[in-house]
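Numbering (our numbering), first residue to last: 9 to 84.
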Amino acid sequence: MIEHASRRIRILGAAAHPTASWVAQVARNLAMDLEDAGSKAKYLIRDRYGKFPELSDAVLTDTGIRVVLSGIQTPE
């Protein structure tokens, strides 16, 4: 993840075979890291990959972060 204003990069993790619970935990970790740093995210822009969006989006929305989807067929 890249913070736009500060251009700070936050490495959220990587997994060869991510599960829904792993993705939700990564979202929770992000929210806690931002809170610990005294930073407040308003938006998270993500692609339209459809495997785990409901759970991770719900976690972020509960923390006050609005999830915005990238444009349809935006080049990667």
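Even for Gly, the Cβ is constructed at its ideal location relative to N, Cα and C.
Which of helix, strand or coil DSSP assigns to residue i
i     : result
Leu63 : helix
Arg74 : strand
Leu6  : In the structure displayed, the chain extends from 9 to 84; residue 6 sits before or after that span and is not available.
Leu52 : strand
8 Å contact criterion, which residue i and residue j should meet: CB distance rounded
i     : j     : result
Val75 : Asp65 : 5 Å
Ser78 : Asp41 : At roughly 23 Å, the Cβ-Cβ gap does not stay under 8 Å, so Ser78 and Asp41 are not in contact.
Residue i to residue j span [Cα, whole Å]
i     : j     : result
Leu20 : Ile80 : 24 Å
Arg36 : Asp44 : 12 Å
Lys59 : Glu11 : 24 Å
Ile53 : Ala24 : 23 Å
Would you call the region 17 to 33 and the region 48 to 56 touching, i.e. three or more CB-CB distances under 8 Å?
no
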